[in-house]
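The next block holds one structure in the form of C-alpha cells; read it before the comments.
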Amino acid sequence: MPAIRIGINPISWSNDDLPSLGGETPLSTALTEGKQIGYEGFELNGKFPKDAKGVGDVLRPYDLALVSGWYSSRLARRSAAEEIDAIASHVHLLAENGAKVLVYGEVADSIQGQRIPLVERPRFHTEQAWQTYADKLSELAQFTLSKGVRLAYHHHMGAYVESPSDIDTLMRLTSPDVGLLFDAGHCYMGGGEPIEVLRKHIDRVCHVHFKDVRKAVVQLARNNLWSFPDCIINGTFTVPGDGDIDFAALLDVLLAADYHGWLVVEAEQDPAVAPSFAYAQKGYQTLRGLLDARVAR
Numbered sequence: 001m002p003a004i005r006i007g008i009n010p011i012s013w014s015n016d017d018l019p020s021l022g023g024e025t026p027l028s029t030a031l032t033e034g035k036q037i038g039y040e041g042f043e044l045n046g047k048f049p050k051d052a053k054g055v056g057d058v059l060r061p062y063d064l065a066l067v068s069g070w071y072s073s074r075l076a077r078r079s080a081a082e083e084i085d086a087i088a089s090h091v092h093l094l095a096e097n098g099a100k101v102l103v104y105g106e107v108a109d110s111i112q113g114q115r116i117p118l119v120e121r122p123r124f125h126t127e128q129a130w131q132t133y134a135d136k137l138s139e140l141a142q143f144t145l146s147k148g149v150r151l152a153y154h155h156h157m158g159a160y161v162e163s164p165s166d167i168d169t170l171m172r173l174t175s176p177d178v179g180l181l182f183d184a185g186h187c188y189m190g191g192g193e194p195i196e197v198l199r200k201h202i203d204r205v206c207h208v209h210f211k212d213v214r215k216a217v218v219q220l221a222r223n224n225l226w227s228f229p230d231c232i233i234n235g236t237f238t239v240p241g242d243g244d245i246d247f248a249a250l251l252d253v254l255l256a257a258d259y260h261g262w263l264v265v266e267a268e269q270d271p272a273v274a275p276s277f278a279y280a281q282k283g284y285q286t287l288r289g290l291l292d293a294r295v296a297r
C-alpha cells in the first residue's frame with residue numbers, strides 16, 4: 001500500500017449544501033467515473049447510506065476505499081459528553097470501513113451555507129472562550145482516537161476556525177490528539193499562504209484536501225463581501241491544475257515530512273459549468289503526475 005493515496009470528494013458531482021448543483025446526479029455516476037479516472041477512494045456525501053454496512057456495500061463493487069467522511073459538529077454550543085454521544089455512530093461507520101481519519105467541521109453558528117457575507121462569520125473573542133472550546137475538542141479527539149479514528153479539524157470559510165491565526169490558536173491550545181485537515185483552497189481564501197501554513201503545522205496534519213483557487217475571483221469575493229455560496233457559484237474554487245496554487249511545493253513539504261495518508265481532490269463548482277468528469281480527471285492527472293515524478297527521483 002503506497003504511503004500517499006489519491007482520493008476524491010463527491011462534491012465534484014453533486015453538492016450537499018447547494019442541491020441545485022448536480023443534485024440530480026446519482027452516486028453511482030460519481031463512483032463509476034471516479035474509478036475510471038483512477039481514484040482509489042471516496043469521501044462520503046449525503047447520497048451514501050448512513051450505516052456502516054450500507055457504505056461498505058456501496059463501495060465494494062467499485063473496489064474503492066472509504067477515505068473519510070464529514071461530520072457536522074456543534075461542539076461550540078454543546079458539552080464534550082453531548083458531542084461524544086452525537087459523533088459515536090459516525091466514528092463507528094468510518095472505523096468499520098477502514099477509514100483512519102474523520103473530517104471534523106464545526107457548524108455551530110457557521111454561515112458557510114448561507115447567503116451572508118463571510119466577514120460576519122462567528123469568532124471566539126477571548127482567550128478563555130478559545131480555551132474552553134479547545135479543551136472540549138481535545139476530549140472529543142481523545143474519544144475518536146480510542147476508536148481508531150483521528151479527528152482531522154477542517155478549517156473552513158464561514159466558521160469559527162478560518163484564518164491562519166485561528167489555526168495557530170487552535171493548534172496551540174489543543175492536545176496532539178487533535179489532527180489538522182489542511183485544505184489548500186480554504187487556507188488561501190481564509191487569508192493564508194498555503195505553503196507557510198502547511199510548514200508551520202505539518203506535525204499535526206493528518207488529512208489533506210487539495211482544492212485550488214482562482215486568485216482573481218478570490219479578490220472579487222473579498223472586495224464584494226461575498227458569502228460562501230457566492231464564492232462557489234462564481235467559480236472561486238477549482239481542482240488542482242486549473243487554478244493558481246503551487247501544489248508541487250505543497251507536495252514536497254508533505255513528502256519531506258513523510259506524510260502517510262490521502263490527498264483528496266475537492267472543489268465546490270457547478271458541474272453545469274465545470275463538467276464533473278473532465279475536472280475530476282484534471283485534478284487526478286495533476287496530482288498523479290506530481291506524485292509520480294517525485295517518487296521516481
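Each residue of the sequence shown is one higher than the one before, counting from 1 in the UniProt record's numbering. Note that beta-carbon positions come from the ideal geometry of N, C-alpha and C, so glycine has one too.
- Rounded to the nearest whole angstrom, the CA to CA distance from I37 to T286 is 12 angstroms.
- Per the DSSP secondary-structure output, H209 pairs in a beta bridge with D183 and V264.
- For A152, the uninterrupted beta strand (DSSP E) segment begins and ends at R150 to H154.
- For E43, the secondary structure class from DSSP, reduced to helix, strand or coil, is strand.
- Distance check between T126 and each of D166, D57, G241 and Y62 places D166 closest, using alpha-carbon atoms only.
- One Cα belongs to A221, the other to W13, and the distance between them is close to 23 angstroms.
- Looking at the DSSP output, T32 sits in no beta bridge, so it has no partner there.
- Non-local C-beta neighbours of C187 in its own chain, meaning closer than 6 angstroms and more than five positions away in sequence, comprise P194 and V197, ordered along the chain.
- Ranked by how close their Cα comes to the Cα of D109, the residues V101, E82 and R77 have R77 in first place.
- In the structure shown, I4 adopts extended strand secondary structure according to DSSP, grouped into three states.
- Ranked by how close their Cα comes to the Cα of D270, the residues V239, I232 and L255 have I232 in first place.
- With respect to the C-alpha of Y259, the residue from P275, S175, V205 and K282 having the closest C-alpha is V205.
- Cα atoms of H209 and V265: separation of roughly 6 angstroms, rounded to the nearest angstrom.
- Between the alpha carbons of S138 and E162 lies a distance of about 19 angstroms.
- In the displayed model, T126 falls within coil according to three-state DSSP, outside both helix and strand.
- Counting along the chain, E106 sits inside the beta strand (DSSP E) bounded by residues V101 to E106.
- V295 and I116 have their alpha carbons spaced roughly 44 angstroms apart.
- Contact between the region 71-88 and the region 231-250 is absent, with fewer than three C-beta pairs closer than 8 angstroms.
- Within 10 angstroms of the beta-carbon of V273 lie fewer than 16 other beta-carbons, which makes it exposed.
- Taken through DSSP and simplified to helix, strand or coil, A274 comes out as coil.
- The straight-line gap separating the alpha-carbon atoms of A293 and L251 is approximately 11 angstroms.
- Pairing T144 with L173 gives a Cβ-Cβ distance that is not under 7 angstroms.
- D246 is not a Cβ neighbour of K215, given a cutoff of 7 angstroms.
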